[in-house]
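Taken in sequence, the protein lines are chains R and U. Going by the numbering used here, 160 is the number at position 160 of the first sequence; the sequence numbering is gapless. So the number in the numbering used here is just where the residue sits in the second sequence, counting from 1, plus 224. I have placed the structure first, in the form of structure tokens, so that the comments after it can refer back to it.
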Amino acid sequence: MSTVLEARHINKYFKKPILFHVLRDINFSVNKGEFVSIMGKSGCGKSTLLYVLSTMDTDYEGGLYLNDKLITNQSRDHLSAIRNKHIGFVFQFHYLLSDFTVLENVMLPAKKLAEKSYQEIEHDAMEKLKMLKIEHLAKKKAFRISGGEKQRVAIARALINNPAVIMGDEPTGNLDSHNSENVFQIFKTLSEDEGLSLLVVTHDEDFAKQTNRILTMEDGRIIS
Amino acid sequence: MTNWPLILSISKTHLLTKIKQTTIASLGVTFGIGSYITLVCFMTGLNAMLDDLILNQTPHIHVYNEIEPSEKQPVDLYDAFKNSFNVVHSIKPKLSQKKIHNALPIIDYLNEDDRVMGALPQVKTQIFYIAGSIEIGGNLTGINPLDEARFFRMGDYIVDGSSEALHNSDNGILLGIGIAKKMSLKVGDRVQVSPISGGVFSLKIVGFYQSGIADLDAIQSFTNLKTVQRILGETNNYITDISVKLHNIEDAVPLSKKIEQQFDLKAVDIKTANAQFETGTTIRNLITYAVSITLLIVAGFGIYNILNMLIYEKMNDIAILKATGFSGKDVQFIFMSQAMIIGFVGGILGLLIGYGLTSLIDTIPFKTEALPTIETYPINMNPLFFVIGFTFALVSTFLAGYLPSKKSKKIDPVKIIRRQ
């Protein structure tokens, strides 16, 4: 089985307000099609780890590999391009561009990638919305829809460029149990049917239990 | 590689959803540019009018024979007193002729000079205007009316008549309007003049001369060169003054020096004659530009402010754009292009408003004694001002947008996302 994402000896320090060793020698990998969750108490460094893995945070030591290619110490512009093409994000707060319609929100990363024509992108975006059963919202402004709907739009946006891996920072943390279950089922389907790799930070034990693998973190280390 | 259509569509959405802020920011530019155009067109129009008031009538170089004492008194020529300190009391000016010796060849010579636009002969003399038993003192100047009109815009100062009428009449006179009022004369009447040497000549009034300077208008009249020469009983090479108009006013000083040396005549350049006038022009220009630039800078700060606020409001958008793969540069371009669109739209509107206001001012009646041909407020609608105004709109919005957009480029998405 091929490795999608691999971390080797990742260390990170917070320098302010005092020097703090937040990630200590993190080693792990995510295989293709695997659904991995990261659990741990608040402040154990799981979100920090996720942002290092996401390439948005470049202030760390160690090596990060995406599809077996080293992406540590690449230029910021190059990392942006990598994020655009290979990594999809779903956050706890839905983070849609509120001035834009749902469809535009979903299309944006694909327009940035600019590998397809406008019509193709629009078609793809509608496909993703249909898959998540929210195609009827396509023309609504993003700030006019409910929280659960927003999260599904965010998932559609994360999927639009067919990324290698989807990362979630407590994607269900802000949703009621019904919507949580809904989002989990979507992830599960994506992982099983589409062979997508998923890496999700969560507090929700029920959620974590149903994933392929649980990484538990404590004091900046992965303990299991 | 930058995806401009995408960036522009994002900034368009931002601008349109915040249409109020966008409008206010654009209006800042609009008023800045509009008032700049209005102010500059109006002020330079006034400046040009005031310049013309003096420059049109004044020759760039005035050549004549000065009545003055000899620089070398006879005692200086005597060798015996060479090493002594000589004091001469009660020096009298040297008797010399008023006419310029060899005036016509000198005029031909000056006209051949590349720097000279035209050198015109004049005959100036004192006369009396005779009304019954009253004699009013005055000046009569013989001119070539057509050339004067061509080079010194004589026509602008002629009311009720024209330079052609003077040119075509053998014994016509262009009477100063002050004299005409004193003597209740109108065009077509005859006026009697008498030169100092005696005799009375009857001249026909072909028009009135109004310079705007009342004292001058009360004494000054014009006739053809030939007419004055006939009144004075002189031949046609009797020329007392030469007015020189140059292509470039900067040549006045060197050329006048050269004329003085070469022909042993007095040559006064316009800068010496009107030193205070140039200072006035410079200071008026300075004030115009100081005020205009202030207006534009204020508009620039307005844009800076609004863009800064916009970026704070769009913090989440910036984070999400960066997280989904937009580079810092893309985000900077998004805000830069918003600033430039505001500058572009505001600038165009400003040009229109400026054009409208100046056109309006151009129609407001403005009557002045000084310039009889001026009917409305003077406007100098130079396309260059519109180009400068628009360029400044773009440059100032660029600068005002640059700093906030630079900040947006540096925003760390992780910090924004974690803050929640």
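Beta carbons: idealized from backbone N, C-alpha and C, even for Gly.
Using only CA atoms, which one of the options lies nearest to residue i?
i, options, result
"I571(U)", "G256(U), E502(U), S386(U) and S426(U)", "The identity of residue 571(U) in the sequence shown is Gly, whereas the question assumes Ile. Closest option to G571(U), Cα to Cα, is G256(U)."
"D204(R)", "S197(R), E192(R), A81(R) and E181(R)", "E181(R)"
"G33(R)", "Q210(R), L199(R) and K209(R)", "L199(R)"
"R642(U)", "Y95(R), S117(R) and G88(R)", "Y95(R)"
"I82(R)", "A164(R), F184(R), Q210(R) and H178(R)", "A164(R)"
"K50(R)", "V22(R), K69(R) and S75(R)", "The question names Lys, but residue 50(R) is Leu in the sequence shown. Ranking the options by Cα distance to L50(R), first place goes to V22(R)."
"I186(R)", "D176(R), M131(R), V106(R) and H78(R)", "M131(R)"
"T621(U)", "V430(U), L479(U), S235(U) and G252(U)", "G252(U)"
"G366(U)", "E359(U), S387(U) and I358(U)", "S387(U)"
"I330(U)", "L534(U), A343(U) and K318(U)", "A343(U)"
"K316(U)", "N307(U), L531(U) and E295(U)", "E295(U)"
"I134(R)", "R24(R), G195(R), V106(R) and K112(R)", "V106(R)"
"S2(R)", "Y65(R), V201(R), L19(R) and S54(R)", "Y65(R)"
"N326(U)", "V430(U), Y462(U) and F375(U)", "Y462(U)"
"D332(U)", "Q321(U), S320(U), K322(U) and P345(U)", "P345(U)"
"I166(R)", "V36(R), K15(R) and P17(R)", "V36(R)"
"K188(R)", "D25(R), L79(R), K209(R) and F91(R)", "K209(R)"
"L159(R)", "P109(R), E104(R), K15(R) and L175(R)", "P109(R)"
"N84(R)", "F550(U), L520(U), A355(U) and L398(U)", "F550(U)"
"E192(R)", "S177(R), D206(R), T211(R) and T202(R)", "T211(R)"
By DSSP, does residue i sit in helix, in strand, or in coil?
i, result
"M217(R)", "strand"
"H442(U)", "It is Ala, not His, that sits at residue 442(U) in the sequence shown. If DSSP states are grouped into helix, strand and coil, A442(U) belongs with coil."
"V347(U)", "strand"
"H24(R)", "Rather than His, the amino acid found at residue 24(R) in this sequence is Arg. Three-state DSSP puts R24(R) in a strand."
"T172(R)", "coil"
"A164(R)", "coil"
"V4(R)", "strand"
"L627(U)", "helix"
"I38(R)", "strand"
"V411(U)", "coil"
"S632(U)", "helix"
"Y433(U)", "strand"
"G45(R)", "coil"
"K209(R)", "helix"
"A404(U)", "helix"
"D465(U)", "strand"
"P419(U)", "strand"
"G256(U)", "helix"
"S480(U)", "helix"
"A138(R)", "coil"
"G148(R)", "helix"
"A114(R)", "coil"
"L232(U)", "helix"
"L399(U)", "strand"
"K226(U)", "The residue you asked about is not Lys; residue 226(U) is Thr in the sequence shown. It is coil, neither helix nor strand."
Check the Cβ-Cβ distances between residue i and every residue of chain A, and say whether any is below 9 Å.
i, result
"R83(R)", "Included in the structure are the protein chains R and U, with no chain A among them."
Three-pair Cβ contact test at 8 Å for the segment 20-35 of chain R versus the segment 5-12 of chain R:
yes
Assess, as a yes-or-no matter, whether the segment 265-277 of chain U is touched by the segment 494-513 of chain U under the definition of 3 or more beta carbon pairs within less than 8 Å.
yes
Considering only residues of the segment 60-99 of chain R, which uninterrupted alpha helix (DSSP H) runs meet the minimum length of 4 residues and lie entirely inside it, listed in chain order?
76-86
Going along the segment 543-575 of chain U in order, which residues come within less than 8 Å of chain R, judged by CB to CB distance?
A543, I544, L545, K546, A547, T548, G549, F550, S551, G552, K553 and D554
Inspect the CB distances between the segment 215-224 of chain R and the segment 30-49 of chain R and report whether three or more fall short of 8 Å.
yes
With a floor of 3 residues, list each beta strand (DSSP E) that falls wholly inside the segment 518-595 of chain U, ordered by position along the chain.
none
Three CB pairs or more closer than 8 Å across the segment 430-439 of chain U and the segment 448-456 of chain U
no
Continuous beta strand (DSSP E) assignments of at least 3 residues falling wholly in the segment 178-202 of chain R:
197-201
Under 8 Å: do the segment 280-298 of chain U and the segment 488-500 of chain U share three or more Cβ pairs, one atom per stretch?
yes
Touch test, the segment 98-111 of chain R against the segment 135-147 of chain R, Cβ-Cβ under 8 Å, three pairs minimum:
yes
Answer yes if the segment 261-270 of chain U comes into contact with the segment 511-526 of chain U, meaning at least three C-beta pairs across the two stretches below 8 Å, and no otherwise.
yes
Using a Cβ cut-off of 8 Å, which residues of the segment 113-135 of chain R contact any Cβ in chain U, in chain order?
L113 and A114
With three or more beta-carbon pairs closer than 8 Å as the criterion, would you say the segment 419-432 of chain U touches the segment 333-353 of chain U?
yes
Let me know the alpha helix (DSSP H) ranges lying completely inside the segment 303-387 of chain U, each 4 residues or longer, listed in chain order.
327-336 and 369-376
Anything in the segment 601-634 of chain U with a Cβ closer than 7 Å to a Cβ of chain R? List those residues in chain order, please.
none
Mind listing which residues of the segment 267-293 of chain U have their C-beta closer than 7 Å to chain R's C-betas, in chain order?
none
Along the segment 47-61 of chain R, where does the CB come closer than 8 Å to a CB of chain U? Name the residues.
S47, Y51, S54, M56 and D57
Would you call the segment 158-174 of chain R and the segment 227-236 of chain U in contact, with 3 or more CB pairs under 8 Å?
no
Three or more beta-carbon pairs under 8 Å between the segment 608-625 of chain U and the segment 558-570 of chain U, yes or no?
yes
Three or more beta-carbon pairs under 8 Å between the segment 539-547 of chain U and the segment 302-322 of chain U, yes or no?
no
Do the segment 71-80 of chain R and the segment 145-154 of chain R meet, that is, are 3 or more Cβ pairs less than 8 Å apart?
no
Under 8 Å: do the segment 105-119 of chain R and the segment 571-584 of chain U share three or more Cβ pairs, one atom per stretch?
no
Using a Cβ cut-off of 7 Å, which residues of the segment 239-266 of chain U contact any Cβ in chain R, in chain order?
T241
Under 7 Å, CB to CB, which of the residues in the segment 97-110 of chain R have a partner in chain U?
L97, D99, F100, L108 and P109
When the Cβ atoms of the segment 356-366 of chain U are set against those of the segment 474-481 of chain U, are three or more pairs found closer than 8 Å?
no
Listed in chain order, which residues of the segment 469-485 of chain U have Cβ atoms closer than 9 Å to some Cβ of chain R?
none
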